[in-house]
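Take a look at the structure set out below.
Number of protein chains: 2
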Amino acid sequence: MSREDLAFLLYEWLDVETLTARRRFAEHSRETFDAVLELSEDMAMSLFAPHNKLSDAHEPRMRPDGTVETIPEIKKALDAFSAAGLIAGSFDEELGGMQLPTVVARASTAWFQAANVSTSGYPFLTIGNANLLAAHGSPAQVDTFVRPMLAGRWFGTMCLSEPQAGSSLADVTTKAVKDDGPEPDRYRLSGTKMWISGGDHELTENIVHLVLAKVPGAPDGVKGISLFIVPKYVPEGGVATDAERGGAARRGERNDVVLVGLNHKMGNRGTTNTLLQFGDGTYAPGGRAGAVGYLVGEANKGLAYMFHMMNEARIGVGFGAVALGYAGYLASLEYARNRTQGRRPGEKDPSAPPVALIEHADVRRMLLAQKAYAEGALALGLYCSKLVDEQHTADDDAERARTTLLLDVLTPIAKSWPSQWCLQANSLAIQVLGGYGYTRDYDVEQYYRDNRLNPIHEGTHGIQGLDLLGRKMIMQGGAGLVLLAQTIAATAERGRAAGGEAAGHAAELSAAVERLAEVTGTLWADGDAQVALANSSIYLEAAGHVVIAWMWLEQLLAAEGKDGAFYEGKRAAARYFYRYELPRTGPQLDLLARRDRTTVDLDPAWL
Amino acid sequence: MSREDLAFLLYEWLDVETLTARRRFAEHSRETFDAVLELSEDMAMSLFAPHNKLSDAHEPRMRPDGTVETIPEIKKALDAFSAAGLIAGSFDEELGGMQLPTVVARASTAWFQAANVSTSGYPFLTIGNANLLAAHGSPAQVDTFVRPMLAGRWFGTMCLSEPQAGSSLADVTTKAVKDDGPEPDRYRLSGTKMWISGGDHELTENIVHLVLAKVPGAPDGVKGISLFIVPKYVPEGGVATDAERGGAARRGERNDVVLVGLNHKMGNRGTTNTLLQFGDGTYAPGGRAGAVGYLVGEANKGLAYMFHMMNEARIGVGFGAVALGYAGYLASLEYARNRTQGRRPGEKDPSAPPVALIEHADVRRMLLAQKAYAEGALALGLYCSKLVDEQHTADDDAERARTTLLLDVLTPIAKSWPSQWCLQANSLAIQVLGGYGYTRDYDVEQYYRDNRLNPIHEGTHGIQGLDLLGRKMIMQGGAGLVLLAQTIAATAERGRAAGGEAAGHAAELSAAVERLAEVTGTLWADGDAQVALANSSIYLEAAGHVVIAWMWLEQLLAAEGKDGAFYEGKRAAARYFYRYELPRTGPQLDLLARRDRTTVDLDPAWL
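Below, the structure written as structure tokens:
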């Protein structure tokens, strides 16, 4: 991660200091933001980065007694993270938080994800969980579960997938039945959840699972899904406010949630990833089997609540991909500056000394591509995070509606584009290092393995494509697309006014976004969803390239009139993106405009 | 790997039975070819595939005494492979071989590489080594080293790279000094070689290294490189013919070649990959330190000899990438047929049963893409292998020159295109399996890790681009490009004559190859190598897509007028390639036609 680039994006481009004019952030200033960023950098470098390879080589292990063993460096790093107040960073002061803007908190996470994506997974899941409960939980639930999470005493998870239902939440079969007893929102859950990151460990004294389940008699499909809090240990004395309890929540008896097994993955090996069994009778809280769970909000509205977390988790996944892409870029850049190899084309004297790798045009292309992918995607992640702040602190309903809509449209892109292209960046980083890059002696192969998860979890690439083209672009009568196009057009207008290279880019960007809008109309012209959505992944990729081209014009404009290598680098990366990348959308949009039926008409027997 | 597809390509398309009309292959028939393919399939499935994951999880280990421990399944599989005569398959009968056509031998390797790329690496390196020595070694060297390798008693390696010189062979510093004693071609070598696959192990009684080194006083650069045979154990009684020796060669005293360490890689973990030290005095063969080596052919011509091996090794690398791409395709296809998930777009009834993954358009796209990549690249690998046979058994010099030139032009593409796109296929295979694909419980993540090596070794992607655009396309006054264009044009002409879909593809193919030729001319218009070669990797990718489009038109024509799912599948994959893939070359060729200077003009300080 680059301190200089974060400062450029936050202060010179997004002008996040203006957020301090909003009441929620009034106590803040550039100094407090910088203090958080510096703390994050220091802690990430000193406590997270040093065990990144170690935790990859020494995966969590399930002991014979069913508990999980992780290397001690993980707990040490996380205890320091919690103690520094970073879990609570963006939460209300009333909850012990710092009320940091989301965009600053997000920038802080980049340091941790670049240093160690596996270890930082635990608190980031916890933050997402706590965010959801702070918004939708009852005061007693907030006191009982959110406060211990923000203090780092308990960690959180999200439990959506089941072994038979990954992307298809409509098919969730975990059951929740009203429990006996005085607590009205207390249920007993039974079922199996798969792919649960942080689903078990001994890093904290309790784990707060947020679980999607169905109450008997609920409607079929996603409209019958409810959301429950299912802690690993039932809170002592049940769910209550701290005032009622007379102090902070403490864990009570063991709940009926059992670790069945750990998943062994290609990367992200340091985060436990689990198969959990709820309510099989291994434990009997309150004297009888069944996992105790507490209903969040109203029954059958679980998916809507979960999407509160999911949308931020999706931006977070994209941001994690960015951090890995950026880390690989910097590692390969350093290697290319120092390693000598070969000679320039046309050099006839074999006794001439070899040149640094960075002198070769193809190596520069691979570095510039990584820079364009990582810095373009970083800009998008921060832009979306600032939209979250604007949404939360909007002056009026119109502004709130506008930022919400723009964020809705951008979320599938902010999730998927970095997951695809920062993975590609990691592949290029390996390539720059050559044979060394393929060994486990260097960091880049791990980045590549770690990053390969990102197009899969929190909604696969294909799911994001369906979300963008099948929902976001057409909701409210196409208002999302119109708003995106208008917002990009405003940047293009500034580009045209700036003249020079910016004007050239602006013209290409305008043409691309107009073509995207036109193609969207063509795809939905007759409302046949099967044909319209047949190539939604390709639509997602084309829209992503248009959006990142927009981010590069934005950065170019923020660098305008400024001298020095840093700003020249921004201009070079923007140039690369417009020359090498944006043109890729041409054939993609041509295919979409033809309403291509190749896959629709395919007989599966032909495969 | 698919038996049906291999039969289609070998017999219905390439018509390899006609090779039996050539004297070298006169003893063969479709029956003998099929017998080899069936044997290969059986042996690959029963002895190679079962330990593929095991050897990934249990890498070779260096014991304290400096020897290498590998899991016993590897030796068992390789002993059976050697005993079946498969190492000697394509060699002369006089050497104990079967005189199989290269194209059939290559098809046989697909089974082994798909089953276990690491274990099959040992004999395939040995075959390449033996091929080189059979062509360029003296009769005594052939008897002493080639015969034990063909019998599987000894294995072979190629030692090019050094720690400070990977792609840049001009900078090799390993030294060879004439040895005392009666043998005129006996030298003493000293130096360090890196990335040596199969560089040490206990699988065979001896290891025959082919080592690039420089004799003192040799010219600078690649013109001063000589090639030496440096066995792990010096042959007893020195190098002699079997007649002189009175029997087969036996290993004598330990040579001064020491295993310094094993490289630990992301994939390909079952093949030992080593750092070797030559001549550091650990051993003293003949009573003094220095690794004993035998000069092959003439001094200073080592690189030309090595390229005899390298060119076939490059086609072999591409073919290995194909095998992995194909294996991932079939694994994800089976998964997609059996796993149910979600519903079709537009299905409003949430209680409708979930459909198989293969019913989703995006999953079909990912399967069809894999099919198009793997089967297209398989066709190219077999086509090039048949060119090797035609070259070796040509009726006259003109035919030999033609096949040699076409093979020269196609080699960098046959190496790099599958390495790029069959890796992409493996990524799509993971994506089809979703979270499961990312776990080590399934095979596809290993294919992806294994395959990531292929764009790196035997000449990186960038090196192949320089070779294609900087040498192959312009040598002999551009004759290579002309021959390639003519050969493709002949296929396009047949496509036009066939009419229908083939005629449409033919028109697009003709346009693409004409554009490629035109752009090649533009790039070299003023002979400025720096600008011409700045985007040679992109040129390589565009040329590769054109060549694979050609392979798909060829397959379409071979399937013409034939009914059934298999042939419909060929037509669908061809359609996919022309609709989704070939258009990617448009923006690539536009960039090249502009003689883009982005990377040339880049100041490294801006990165």
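Those sequence lines, one after another, are chains X and F. Residues in the first sequence are numbered from 1324 upward in steps of one, following the numbering used here. Residues in the second sequence are numbered from 1324 upward in steps of one, following the numbering used here. Glycine included, every Cβ here is placed at the ideal spot set by N, Cα and C.
Query, Result
"Compare the Cα-Cα distances from X:Thr-1810 to each of X:Phe-1404, X:Leu-1710 and X:Glu-1382 and report the closest residue.", "X:Leu-1710"
"Between the segment 1363 to 1375 of chain X and chain F, which residues of the former have CB atoms less than 9 Å from a CB of the latter, in chain order?", "none"
"Quick one: Cα of X:Ile-1394 to Cα of X:Arg-1819, how far?", "55 Å"
"Tell me, please, whether the segment 1835 to 1844 of chain X touches the segment 1912 to 1927 of chain X by the rule of three or more beta-carbon pairs shorter than 8 Å.", "yes"
"According to a CB-to-CB cut-off of less than 7 Å, which residues of the segment 1894 to 1906 of chain F neighbour chain X?", "Ala-1895, Arg-1898, Tyr-1899, Arg-1902, Tyr-1903 and Pro-1906"
"Going by DSSP in three states, F:Ile-1552 sits in which element: helix, strand or coil?", "strand"
"Can you give me the Cβ contacts of F:Arg-1907 inside the same chain, cut-off strictly under 7 Å, excluding the 5 residues immediately before and after it?", "His-1868"
"Who are the neighbours of F:Met-1874 on chain X, taking C-beta pairs under 8 Å?", "Result: empty, since nearest Cβ-Cβ is about 18 Å, beyond 8 Å."
"Run through the DSSP bridge pairs and tell me what F:Lys-1501 is partnered with.", "F:Tyr-1510"
"Whose C-alpha, out of X:Asp-1766, X:Val-1767 and X:Tyr-1771, is nearest the C-alpha of F:Glu-1768?", "X:Tyr-1771"
"Can you tell me where the beta strand (DSSP E) with F:Phe-1478 in it begins and where it stops?", "1477 to 1482"
"Leaving out the 5 sequence neighbours to the left and right, which residues in its chain are closer than 6 Å to X:Ala-1411 when beta-carbon positions are compared?", "Gly-1419, Gly-1420 and Leu-1473"
"Could you name the residues of the segment 1780 to 1794 of chain X whose beta carbon sits closer than 8 Å to any beta carbon of chain F, in the order they occur along the chain?", "His-1780, Thr-1783, His-1784, Gly-1785, Gly-1788, Leu-1789 and Gly-1793"
"Assign F:Pro-1383 to one of three DSSP states: helix, strand, or coil.", "coil"
"Can we say the segment 1771 to 1791 of chain F touches the segment 1855 to 1862 of chain F, given the rule of at least three CB pairs closer than 8 Å?", "yes"
"Indicate the three-state DSSP secondary structure (helix, strand or coil) for F:Gly-1625 in the structure shown.", "helix"
"If you follow the alpha helix (DSSP H) that F:Lys-1537 is in, where does it begin and where does it stop?", "No alpha helix (DSSP H) contains F:Lys-1537, which is instead part of the beta strand (DSSP E) from 1529 to 1537."
"Determine, using beta carbons only, whether F:Leu-1728 and F:Leu-1806 come nearer to each other than 7 Å.", "yes"
"So, with DSSP's three-state summary, where would you put F:Gly-1584?", "strand"
"Looking at the C-beta of F:Ala-1928, does it have a partner C-beta in chain X at a distance below 7 Å?", "yes"
"State yes or no: is the beta carbon of F:Ser-1441 nearer than 7 Å to at least one beta carbon in chain X?", "no"
"Can you find a CB in chain X that lies within less than 7 Å of the CB of F:Gly-1850?", "no"
"For a quick check, are the C-beta atoms of F:Ala-1614 and F:Val-1580 less than 7 Å apart?", "yes"
"Using a C-beta cutoff of 7 Å, does F:Lys-1588 count as contacting chain X?", "yes"
"Going along chain X in order, which residues have a C-beta closer than 7 Å to the C-beta of F:Lys-1694?", "Leu-1930"
"Is F:Pro-1735 near F:Val-1645, with beta carbons less than 7 Å apart?", "no"
"What does a CB cutoff of less than 6 Å around F:Ser-1441 pick up in its chain, not counting 5 residues either side in sequence?", "Ser-1378, Asn-1591, Gly-1593 and Thr-1594"
"For X:Thr-1597, which of helix, strand or coil comes out of DSSP?", "strand"
"Go to F:Glu-1350, then tell me how far its alpha helix (DSSP H) extends in each direction, as first and last residue.", "That residue, F:Glu-1350, is in no alpha helix (DSSP H); it is neither H nor E in DSSP."
"Is X:Asn-1661 buried or exposed, if buried means 16 or more other CB atoms sit within 10 Å of its CB?", "exposed"
"Do F:Ala-1881 and F:Tyr-1890 count as a contact pair if the criterion is CB distance below 7 Å?", "no"
"Kindly indicate if chain X contains any beta-carbon less than 7 Å away from that of F:Pro-1673.", "yes"
"What does X:Leu-1618 pair with, by DSSP beta-bridge criteria?", "X:Phe-1551"
"Restricting to runs no shorter than 4 residues, where is the alpha helix (DSSP H) found entirely within the segment 1818 to 1898 of chain F?", "1823 to 1846, 1852 to 1855 and 1859 to 1881"
"Which residues in chain F sit within 9 Å of X:Ala-1878, going by Cβ to Cβ distance?", "It should be noted that the sequence gives Gln, not Ala, for residue 1878 of chain X. By Cβ distance, chain F contributes nothing, its closest Cβ being about 14 Å from X:Gln-1878, past 9 Å."
"For F:Thr-1663, list the residues DSSP reports as bridge partners.", "F:Ala-1679"
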